[in-house]
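Counting in the numbering used here, the sequence shown runs without a single skipped number right up to 377 at its last residue.
By construction, the Cβ of each residue, glycine as well, lies at the ideal position given by its N, Cα and C atoms.
Keep in mind the model is a prediction, meaning the values are calculated, not measured.
Right, one structure below, let's go through it.
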Amino acid sequence: MIPKFDKDDDGILNKTERSAARKHVEEQRSGDGGGDRGQRGGRPPRPDGNRGGRPPIGGDRGGRPDPRGGGGRPAPEPRDFSKAERLEPGNDKDPGTKLYDEGTLRTLFITFKDDEWKEEMEVFYRTDVAVPADLIVDGKLFKDVGLKYRGNSSYFSVSPDLKRSMNLYVDHKHGDQKLLGYKTLNLLNSNSDPTFMREVIYSHVARDYIPAFKGNFVKVVINGESWGIYSHIQQFNKDFLEDNFGTRGGVRWKIGAGGGGRGNLGYPGDLKEDYGGYQLGTEGADDAWKKIAEFTRLLNETPLGELAEKLNGRFDIDSAMWSLALECVFQDEGYFTRGSDYNLYLDPDGRFHLLQHDGNEVMNIPGGPGMPSG
Numbered sequence: 004m005i006p007k008f009d010k011d012d013d014g015i016l017n018k019t020e021r022s023a024a025r026k027h028v029e030e031q032r033s034g035d036g037g038g039d040r041g042q043r044g045g046r047p048p049r050p051d052g053n054r055g056g057r058p059p060i061g062g063d064r065g066g067r068p069d070p071r072g073g074g075g076r077p078a079p080e081p082r083d084f085s086k087a088e089r090l091e092p093g094n095d096k097d098p099g100t101k102l103y104d105e106g107t108l109r110t111l112f113i114t115f116k117d118d119e120w121k122e123e124m125e126v127f128y129r130t131d132v133a134v135p136a137d138l139i140v141d142g143k144l145f146k147d148v149g150l151k152y153r154g155n156s157s158y159f160s161v162s163p164d165l166k167r168s169m170n171l172y173v174d175h176k177h178g179d180q181k182l183l184g185y186k187t188l189n190l191l192n193s194n195s196d197p198t199f200m201r202e203v204i205y206s207h208v209a210r211d212y213i214p215a216f217k218g219n220f221v222k223v224v225i226n227g228e229s230w231g232i233y234s235h236i237q238q239f240n241k242d243f244l245e246d247n248f249g250t251r252g253g254v255r256w257k258i259g260a261g262g263g264g265r266g267n268l269g270y271p272g273d274l275k276e277d278y279g280g281y282q283l284g285t286e287g288a289d290d291a292w293k294k295i296a297e298f299t300r301l302l303n304e305t306p307l308g309e310l311a312e313k314l315n316g317r318f319d320i321d322s323a324m325w326s327l328a329l330e331c332v333f334q335d336e337g338y339f340t341r342g343s344d345y346n347l348y349l350d351p352d353g354r355f356h357l358l359q360h361d362g363n364e365v366m367n368i369p370g371g372p373g374m375p376s377g
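If you want it as structure tokens, here you go:
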């Protein structure tokens with residue numbers, strides 16, 4: 004969407020440009036039910052061209068959405084949020100702790116620049132367009148950040164006027180702008196988790212065994228209205244690589260849930276289209292699929308007695324085994340059960356790492372595609 008509507012070539016869409024893009028998307032969807040969603044799953048580029056870089060119950064705006072009508076059920080009554088808690092930044096000061104400190108509950112004061120921010124977030128879901136806002140944290144102002152709705156079940160199972168998961172891009176307009184060292188925040192609504200604790204606990208335990216995301220909780224205030232507590236889980240981006248591998252280099256892939264096994268580390272062949280299940284997260288690495296082809300061929304066609312030796316230096320076996328063990332213990336619906344919903348990283352030394360994607364479904368009764376029936 005951005006290359007098509009960014010008339011002033013600054014890498015982001017201003018109000019006029021967003022209006023044109025929004026009209027285009029709405030016309031496309033009304034015409035054929037589809038629409039131009041741009042670069043699915045990606046983050047919007049900054050003006051310098053880099054990307055930098057991941058509800059029902061709980062919170063002030065939580066709760067399950069009412070039925071939308073149909074099937075003989077009555078249409079939902081309008082919700083009244085006039086009595087929702089109102090908060091202002093006040094005298095918030097820096098507590099002197101790190102962004103993901105588990106003992107700190109920060110408040111993020113988000114002020115959107117447009118009254119139609121929810122409508123824009125809805126229209127631009129799964130595009131490269133973020134909606135601009137200002138952010139105040141610990142009494143400090145961060146101007147021109149960008150926000151997008153994110154997620155699958157945490158988005159589709161929640162009605163538009165309720166609490167949805169979001170990505171917050173601190174460097175949306177200003178490429179060097181960071182919040183306590185980080186460019187992207189994942190604000191998760193803990194869909195289907197009434198405790199709000201599962202993913203943060205999972206990440207806490209996982210970090211003792213594998214490179215895993217940091218996590219804690221934040222309180223979110225939008226335009227002065229409290230939206231309650233969000234799980235705050237680290238983004239799979241260059242900041243994560245630097246924290247865990249001491250480098251910002253290498254190639255990242257996300258293997259999303261589903262996909263028909265197209266990202267299960269099987270060897271499908273030597274054509275680029277065979278590797279469509281691996282969603283590239285690193286710019287300028289369009290030919291990196293060839294590395295996956297080489298690796299999966301080695302993994303699947305090497306005699307079992309020779310496999311450990313051949314994988315030495317090519318695959319972090321120990322970390323992968325710990326990752327699979329964590330999935331089993333915590334009932335995570337990831338690689339072990341689905342062959343999907345995980346992350347893959349190729350470090351600068353040519354070694355692959357199988358990493359966790361998320362933990363929003365841990366400590367739950369497993370179900371859905373690819374899961375055992377009982």
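Subject >> Opening and closing residue of the beta strand (DSSP E) in which E228 lies >> reply: 228–236
Original post:
How long is the line joining the alpha carbons of E276 and R109, rounded to whole angstroms?
Top reply: A direct Cα-to-Cα measurement between E276 and R109 gives close to 44 Å.
Original post:
Would you call D319 buried or exposed, if buried means 16 or more other Cβ atoms sit within 10 Å of its Cβ?
Top reply: buried
Original post:
For the candidate residues V223, K186, N315, whose alpha-carbon lies nearest to that of F112?
Top reply: Nearest C-alpha to F112: V223.
Subject >> Runs of beta strand (DSSP E) lying entirely within the region 179–248, each at least 3 residues, in chain order >> reply: Those beta strand (DSSP E) runs which fall completely within the region 179–248 and span 3+ residues are 187–191, 218–225, 228–236.
Subject >> Cross-strand partners of F159 (DSSP beta bridge) >> reply: DSSP, once it has assigned bridges, lists no residue as partnering F159.
Original post:
I113 bridges to which residues according to DSSP?
Top reply: L138, I225
**OP:** Name the two residues that bound the continuous beta strand (DSSP E) containing L314.
**Re:** Not the beta strand (DSSP E): L314 falls in the alpha helix (DSSP H), residues 307–314.
**OP:** Output yes or no for whether 8 Å exceeds the beta carbon distance between S160 and S168.
**Re:** no
Original post:
Measuring CB to CB, does A260 end up less than 8 Å from Y278?
Top reply: no
Original post:
Any contact of the region 265–273 with the region 132–144, i.e. 3+ C-beta pairs under 8 Å?
Top reply: At 8 Å Cβ cutoff, the stretches do not touch.
Original post:
Which of the three DSSP states, helix, strand or coil, is assigned to H270?
Top reply: The amino acid occupying residue 270 in the given sequence is Tyr; His does not appear at that position. Reduced to three states, the DSSP call for Y270 is coil.
Original post:
Can you give the Cα-Cα distance for D352 and E122, rounded to whole angstroms?
Top reply: Using only the alpha carbons, I get a separation of about 45 Å.
Original post:
In the DSSP assignment, what residue or residues form a beta bridge with V254?
Top reply: Answer is L349, bridged to V254.
Original post:
With 16 other CB atoms within 10 Å as the buried threshold, where does G93 fall?
Top reply: exposed
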